[in-house]
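Mapping to the numbering used here: the sequence shown position 57 is 804, numbers consecutive.
Working notes, beginning with the structure itself.
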Amino acid sequence: MNAFGGFILRLLSNLIEMPVVFVEQVINGDPISAILIAFGSLFVLGAVGAFGYVVLGALGVPLPNLGRGPSELIE
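Structure representation (structure tokens):
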């Protein structure tokens, strides 16, 4: 097996093992760690969602307006 194939195989095996190690070592170690992980995940999810919204708007996809928008006179 070449070096690239070994790298990919090791990467995939570590990807499969990571959730188990993560739960055992990080989350069960301290309750504050679980809270910090949850809030960090929410921040990342919010940033990815905002970036996705901006990218879709730049591509011309019609999206709902999240702000107040231009003021219109109601008669």
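Idealized CB from N, CA, C, for every residue including glycine.
Straight-line gap, residue i to residue j (C-alpha atoms, nearest Å)
i	j	result
residue 755	residue 814	45 Å
residue 776	residue 770	9 Å
residue 791	residue 798	11 Å
residue 778	residue 772	12 Å
residue 806	residue 787	29 Å
residue 764	residue 812	42 Å
residue 766	residue 760	11 Å
Opening and closing residue of the alpha helix (DSSP H) in which residue i lies
i	result
residue 761	750-769
residue 792	778-805
Beta carbon of residue i nearer than 8 Å to that of residue j
i	j	result
residue 810	residue 800	yes
Residue-level contact to chain B via CB, residue i, 8 Å cutoff
i	result
residue 789	Protein chains in the displayed structure number just one, and chain B is not present.
Neighbourhood of residue i by C-beta distance below 8 Å, restricted to the same chain and skipping five residues each side
i	result
residue 803	810
Sequence-distant residues of the same chain with beta carbon closer than 7 Å to residue i, five excluded per side
i	result
residue 774	780, 781, 784
residue 751	none
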